[in-house]
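Residue numbers (our numbering), protein chains in the order written: chain A, 2 to 318; chain B, 88 to 402.
Notes to accompany the following structure.
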Amino acid sequence: MSNLSSSWSVTEPSNLSKWVAGIVVVAYTVITLLPLVWIISTGFKSGPDSISYPPKVLFEPSLEGYVNLFTTRTRVAAEEFQALPPPETWYDQIVRDQGMVIAGPSRFGERFLNSVIIGFGSTALSILLGTLAAYAFSRFKVPLKDDLLFFILSTRMMPPIAVAIPIYLMYRELGLSDTHLGMILLYTAVNISLAVWLLKGFIDEIPREYEEAALIDGYTRFQAFRKVVLPQAATGIASTAIFCLIFAWNEYAFAVLLTSGTAQTAPPFIPTIIGVGGQDWPAVAAGATLFLLPVMIFTILLRKHLLRGITFGAVRK
Amino acid sequence: MTQTPIDRLARATPPSLSRKVRGLSDRAIAWIFVAPTIFLLLAINIFPLIWTVRLSFTNYAANKPNAEVKWVGLRNYERVLTDDGIWANMTTTAHFLIWTIVFQVVIGFTLAWLINRKFKGNDLLTTLIVLPMMLSPAVVGNFWTFLYQPQIGLINYVVELITGTPASSFSMLGPGGLAPWSIVIVDTWMWTPFVMLICLAGLRSIPDYIYEAAEIDRASKWRQFWTITVPMVLPFLMLAVLFRGIENFKMFDMVALLTGGGPGNETLLTSIDLKREAFEKWRTGYSSAYAIILFVTVFGLASIYVKALNKVKER
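Pasting the structure below:
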């Protein structure tokens, strides 16, 4: 679109208006990123620094938050503390400086791993099922096609808590409560409507002539799908996958209601990280940083597909 | 090509059968492709929905699975609809919905309009602005309680710097009536980028020649804005509002962790109240009726809205 307007076009904004617009947008960007910068910087503050007033912008970096995130600690009696052998490692030292000793590892690692397993598992399943369904919706006369698409979209209007009531009962009966499989199936069911919707749009854009040519060349329908349509739809599939992954990664309501021990993901876990007298903010911030940073990096690296996918999914109708 | 188990299986089957399988009719392929999705949706969307409807006519309580289940007819619906608390929650939700939409539309459209000046670096800035909406609302909502702390929080400090109001004299999440605005602020921070992106798509869909023609007709910039830009972006903007409306009607995670509905019931959105009824008080039958009423409300409002949207599009 931008190549239509050239610098001498009457529709090209003046340099002054560009400058003003640029300054306003930069100002907004700085303000909107401040909470994120604050999360990352709090992760590197010591406990006292994190709660000092006025808030510290410059501080001596500390790994206390990260050490506390990955460990559980106990306080021991003063004379016992004196009698302890000198700390063996740098993280022992950091805990000792807080007047405590390491009691064991925390569950953050497990929770993070659960997020990875459930996120990638449900994304793979959503894409597999979604691509097949989207192809059928795009190319064949499926009875009730329009109703079905509308139905698929209307399932997103249900508040997650409302869905969670029967799912909770059903999973209890089937033994799927607090399992990876249960969460993968659930997130797939939530994601699949959007996945089919987005993918159908991408597949609609691939000219039918390609497949027809392949069919004439003696390919079966399935071969034509695999060897002609799939490669053409690869970018669309990739951007759909990102959306599914981000949803599963960020989801909280189902996770907090349906998981407690083995399959709990990171979002319900991070807010429960507590220290002495309330939340241990440097540890919470450290956990949040490790959890949010992959998504931020992803967003910046894949911005073209992602931004296109957001508008495409919403605008096409 | 690597050998997949399917390939091996294909070679092992007799030619006649394999031809039958591989040369499936389009109709059969269509059904095979759609069936798993339909099955999953039936199992995890439709079946539970029907179950919710069934439960809503009973006095079932999920924490007492062995208690006798009684059929209570429409009593649950009657009790939900005559409960004053629920109407108060609906009002709280409406307040949240309306103000988040107003702020997000105004700021989102303005940003899109500015970014559309195509100054240098606008695509990088767009990406950075979009970051908050990609992040986990639960994790971020939880961290905002820290930013909102009256004694040590960043927000109160910044307010003190700018306005001179002492930081410890007000509490964004505590009593004093600020909490409903605090959740509006966080939601606006997170989701303005979404409205911005949709508006940007709308602005970029306006062909340059329309402005060129207006320029030839000597239409002022002001007039061009109101007679070309706004009407052409409106369908996009309305769509963004629809999505935000549905999402915020369902809002749970961010607010659950930011205020949990408090202080008192000041930010008790319907979803948070529903969670309390269903998973803390374990009134399963009652909360099923509550859930159905919420669903019908969103569905009804969305349908009316979509009709209006289609009228705007046709113009």
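Heads up, the beta-carbon is just placed ideally off N, CA and C, and yes, glycines get one too.
Under the DSSP definition of a beta bridge, W158(B) partners with T145(B).
Y136(A) places its beta carbon less than 8 Å from that of I204(A). In terms of Cα proximity to N69(A), the closest of P106(A), E81(A), I24(A) and L85(A) is P106(A).
The bridge partners DSSP lists for G276(A) are G279(A).
Between S269(B) and Y235(B) the beta-carbon gap is near 6 Å, inside 8 Å, which marks them as a contact. For N150(B), no CB of chain A lies under 8 Å from its own CB, so it is not counted at the interface with that chain.
Against Y164(B), chain A offers no close residue; the least beta-carbon distance is about 14 Å (beta-carbon pairs closer than 9 Å). Under the Cβ distance rule, Y244(B) counts among the residues neighbouring chain A, one pair being separated by less than 8 Å.
Residue environment analysis places W250(A) among the buried positions, since at least 16 neighbouring C-beta atoms fall within 10 angstroms of its C-beta. For P123(B), at least one C-beta of chain A is nearer than 8 Å to its own C-beta.
Taken in chain order, the whole alpha helix (DSSP H) runs of length 4 or more contained in the stretch 272-347 of chain B are 295-303, 308-311, 317-336 and 340-345. D340(B) sits away from G348(B), with the two beta carbons spaced by 8 Å or more.
According to DSSP, residue pairing for I168(A) in a beta bridge does not occur. Annotation: P106(A) is outside any alpha helix (DSSP H); the continuous beta strand (DSSP E) that includes it extends over V102 to P106. Per DSSP, R97(A) lies in no beta strand (DSSP E); the unbroken alpha helix (DSSP H) holding it starts and ends at W91 to D98. The C-beta of K157(B) comes no closer than 8 Å to any C-beta of chain A. If you look at R74(A), you'll find it in the beta strand (DSSP E) that goes T72 to T75. Closer than 8 Å to the CB of P283(A) there is not a single CB belonging to chain B.
Unbroken alpha helix (DSSP H) runs of no fewer than 4 residues, entirely contained in the stretch 189-269 of chain B, are found at 209-221, 224-234 and 241-250, following chain order. G23(A) reaches chain B at F206, counting residues in chain order whose Cβ is nearer than 7 Å.
S375(B) sits close to I166(A), with the two beta carbons spaced by under 8 Å. Counting only residues of its own chain and dropping the five nearest sequence neighbours on each side, V385(B) has a CB closer than 8 Å to the CB of I333, F336 and K337. For E367(B), the closest of L34(A), V257(A) and G66(A) by C-alpha to C-alpha distance is V257(A). Of the candidates W276(B), S258(B), P280(B) and M319(B), the residue whose Cα lies closest to the Cα of D295(B) is M319(B). Secondary structure remark: continuous beta strand (DSSP E) runs of at least 3 residues inside the stretch 185-244 of chain A: none found.
Residues of chain B with a Cβ closer than 8 Å to the Cβ of Y220(A) do not exist, since the nearest Cβ in that chain sits about 10 Å away.
The beta carbon of K394(B) does not come within 8 Å of any beta carbon belonging to chain A, so the residue lies off that interface.
When DSSP states are grouped into helix, strand and coil, W250(A) belongs to the helix group.
Scanning chain A for C-beta atoms nearer than 8 Å to the C-beta of W276(B) yields T33 and P36, reported in chain order. Contact note: V385(B) reaches chain A through M158, using a C-beta cutoff of 7 Å and chain order. By the 16-neighbour rule on beta-carbons within 10 angstroms, N150(B) is exposed. Residue contact with chain A for P237(B): absent (no Cβ-Cβ distance below 8 Å to any residue of chain A).
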